[in-house]
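Asks: Under our numbering, the first residue of the sequence shown is numbered 6, with each subsequent residue one higher.
All C-beta atoms, glycine included, are put in the ideal place defined by N, C-alpha and C.
All of these numbers come straight from a predicted model, not from anything done at the bench.
Submitted below is the structure of interest, expressed as structure tokens.
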Amino acid sequence: MLVYHNPLHQGHAPAHEFFRGERVPCFESPARADHVEASLRAWGCSLLAPDVDSTPVLRQVHSERYLKFLEGAWQQWLALAPGNASVQPFPSVWPVRTLRSDFESDNFIARLGLYSMDNGTPLASGTWAAVKAGADAAASAAARVAGGARAVFCCTRPPGHHAGPDFMGGYCFINNAAVATQALRNQGASRVAVLDVDYHHGNGTQSIFYHRGDVFFASIHGDPRTEYPFFLGHADETGEGEGSGCNLNLPLPAGTTAAVWFEALERACTRIAGFGADALVVSLGLDTYEGDPISRFALASADFCPMGARLAQLNLPTVLVLEGGYAAAELGINAVHVLDGFEQ
Ligand code: SP5
Ligand code: ZN
């Protein structure tokens, strides 16, 4: 399978995140992509460097002011105080409900809150370069699929599916799956389906396309009544306006095992087949794995082979984009299982 990777991912290497008030090492680490790249090479893949500039597509899926903030954020943080190079910025105030989100504060931490959904998405010195290269990899993968490739895998981190039109969150900054989807639309696909199999609901992707009838979004995920991101991903979210009926959420309880998970996959695939898409984007989170340290489904490593096979049966030109998955040592083999199952 053709694979694009992100040669700059290691520049996004924050040291810690917060969990219940404590600093803990980041679950979303450079080692994740290193393991996937090693397994892909062992499987026989050569990894392509991005060859498309995603800038025009980025402007179609994210707001201009958010992109401008993200690009300059680390420099602005450094300018705040000497020594900030070795400190991680975190937001501490958010414009919820009655508060105003229509103007930019002069205060950097306030702007960080304006453009964040949580305090779980640490910035680092190389974050912008890494996320821009990841978006370029997603756009490159889409261009290959638009040019006739059966399937292309975009191996990148940090992930993207929690990033909305104008905010970061859930370890995500730029929505790579949305970039691939919009790029496919720009290059001739009339309708695109997105299938998000990450353990967490892809709230950012859902929001970017919620009012659009040309993109069908389906997600299988831990029930947001108990799981992150809590505030989106419920079964009654079915799309609005022209997007009415083009959104499918299949929340499953923590503890869900393969048999039940694959029933949900069948429902999602049936709806996608009925939508009549010209292309498919898979948000390939592997945190459904039983060994994942922050998630609570129970898929075994071997289950990722039939997952890939079922995705291939949709018989659509397909971009697969890496999302979550935090059992870093097993991430590579689990990713290869999906791709190997896809190609059988
Ligand atoms: C792309 C993706 O998978 N993002 C996930 C974001 C999850 N953010 C919440 C993390 C909560 C960490 N909980 C630690 C539980 C340890 N037992
Ligand atoms: Zn996830």
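Check each candidate in His166, Ala240, Leu255 and name the one with the smallest Cα separation from Phe214.
Replies: In terms of CA proximity to Phe214, His166 leads the group His166, Ala240, Leu255.
Asks: Compute the beta-carbon to beta-carbon distance between Ala263 and Gln192, rounded to the nearest angstrom, for a pair I have assumed lies under 8 Å.
Replies: Not quite, the Cβ-Cβ distance comes to about 36 Å (not below 8 Å), so this is no contact.
Asks: Would you list the residues sitting across from Glu22 in a DSSP beta bridge?
Replies: In DSSP, Glu22 forms a bridge with Val29.
Asks: Output needed for Pro127: all residues of its chain with C-beta closer than 6 Å, excluding positions within five of it in sequence on either side, in chain order.
Replies: Pro19, Glu22, Gln93
Asks: If you reduce the DSSP assignment to three classes, tell me which class Pro61 lands in.
Replies: Note: Pro61 maps to helix in three-state DSSP.
Asks: Is the beta carbon of His10 within less than 8 Å of some heavy atom of the ligand ZN?
Replies: no
Asks: With three or more beta-carbon pairs closer than 8 Å as the criterion, would you say the stretch 290 to 301 touches the stretch 324 to 333?
Replies: yes
Asks: DSSP has His216 in a bridge; who is on the other side?
Replies: Its beta-bridge partners do not exist; DSSP assigns none.
Asks: Take the Cβ of Glu365 as the centre, count every other Cβ of all protein chains shown within 10 Å, and call the residue buried at 16 or more, exposed below.
Replies: Because the chain is modelled from 6 through 349, residue 365 falls outside the range shown and cannot be assessed.
Asks: Which two residues bound the contiguous beta strand (DSSP E) that contains Phe158?
Replies: Per DSSP, Phe158 is one residue of the beta strand (DSSP E) stretching across 156 to 160.
Asks: Give me the Cβ distance between Phe347 and Ala317, rounded to the nearest whole Å; I'm assuming they're in contact under 8 Å.
Replies: 4 Å
Asks: Taking the DSSP output, what are the residues bridged to Gly77?
Replies: In DSSP, Gly77 forms no bridge with anything.
Asks: Count the other CB atoms, across all protein chains shown, that sit within 10 Å of the CB of Phe108; report buried if there are 16 or more and exposed otherwise.
Replies: Its Cβ having fewer than 16 others within 10 Å, Phe108 is exposed.
Asks: Hey, how far is the Cα of Gly152 from the Cα of His216?
Replies: Straight-line Cα distance between these residues: approximately 28 Å.
Asks: Look at the Cβ atom of His17, then the Cβ atom of Gly88, and state whether they are nearer than 9 Å.
Replies: no
Asks: In whole angstroms, what separates the C-alpha of Asn254 from that of Asp56?
Replies: 34 Å
Asks: Taking the alpha helix (DSSP H) that Ser51 falls in, what are its first and last residues?
Replies: Unbroken run through Ser51: none, as it is neither H nor E.
Asks: Measuring CB atoms only, is the stretch 64 to 71 touching the stretch 169 to 179, in the sense that at least three cross pairs come out at less than 8 Å?
Replies: The stretch 64 to 71 makes contact with the stretch 169 to 179; the number of CB pairs closer than 8 Å reaches 3 or more.
Asks: Within 10 Å of its beta-carbon, does Gln80 have 16 or more other beta-carbons around it, so buried, or fewer, so exposed?
Replies: exposed
Asks: What does the Cβ neighbour count give for Asp203, buried or exposed, with the cut at 16 atoms within 10 Å?
Replies: buried
Asks: Can you look up Asn11 in the DSSP assignment and give me helix, strand or coil?
Replies: coil
Asks: When you compare only the Cα positions, how much space is there between Asp219 and Val199?
Replies: 11 Å
Asks: Say the cut is 8 Å; is the CB of Gly329 nearer than that to a heavy atom of the ligand ZN?
Replies: yes
Asks: In the stretch 137 to 217, which residue ranges form an unbroken alpha helix (DSSP H) of at least 4 residues, counting only runs that do not cross its ends?
Replies: Those alpha helix (DSSP H) runs which fall completely within the stretch 137 to 217 and span 4+ residues are 181 to 191, 208 to 214.
Asks: Confirm the yes/no value for this check: CB of Tyr204, any heavy atom of the ligand ZN, distance under 8 Å.
Replies: Because some heavy atom of the ligand ZN lies under 8 Å away, the Cβ of Tyr204 counts as near it: yes.
Asks: In whole angstroms, what separates the C-alpha of Ala54 from that of Asn11?
Replies: 7 Å
Asks: Quick one: grab the DSSP three-state call for Ile299.
Replies: Of the three classes helix, strand and coil, the one that applies to Ile299 here is coil, per DSSP.
Asks: Kindly examine the ligand SP5 and report whether one of its heavy atoms sits closer than 8 Å to the Cβ of His67.
Replies: For His67, the distance from the CB to the nearest heavy atom of the ligand SP5 is not below 8 Å.
Asks: Report back the beta-carbon spacing between Ser306 and Glu335 to the nearest angstrom; my notes put them in contact at under 8 Å.
Replies: 6 Å
Asks: Can you tell me where the beta strand (DSSP E) holding Thr323 begins and where it ends?
Replies: According to the DSSP assignment, Thr323 belongs to the beta strand (DSSP E) that extends over 323 to 327.
Asks: When every heavy atom of the ligand ZN is checked, does at least one fall within less than 8 Å of the C-beta of Asp228?
Replies: no
Asks: What I want to know is whether the C-beta of Phe32 ends up closer than 8 Å to one or more non-hydrogen atoms of the ligand SP5.
Replies: Yes, the Cβ of Phe32 comes within 8 Å of a heavy atom of the ligand SP5.
Asks: Using the rule of at least 16 other Cβ atoms within 10 Å of the residue's Cβ for burial, across every protein chain shown, is Pro30 buried or exposed?
Replies: exposed
Asks: Helix or strand or just coil, what does DSSP make of Tyr101?
Replies: Correcting the residue identity first, residue 101 is Val in this sequence and not Tyr. Correct three-state label for Val101: coil.
Asks: Taking the alpha-carbon of Leu85 as reference, which of Tyr71, Asn112, Thr60 has the nearest alpha-carbon?
Replies: Asn112
Asks: Would you identify the three-state DSSP class for Asn320, choosing helix, strand or coil?
Replies: coil
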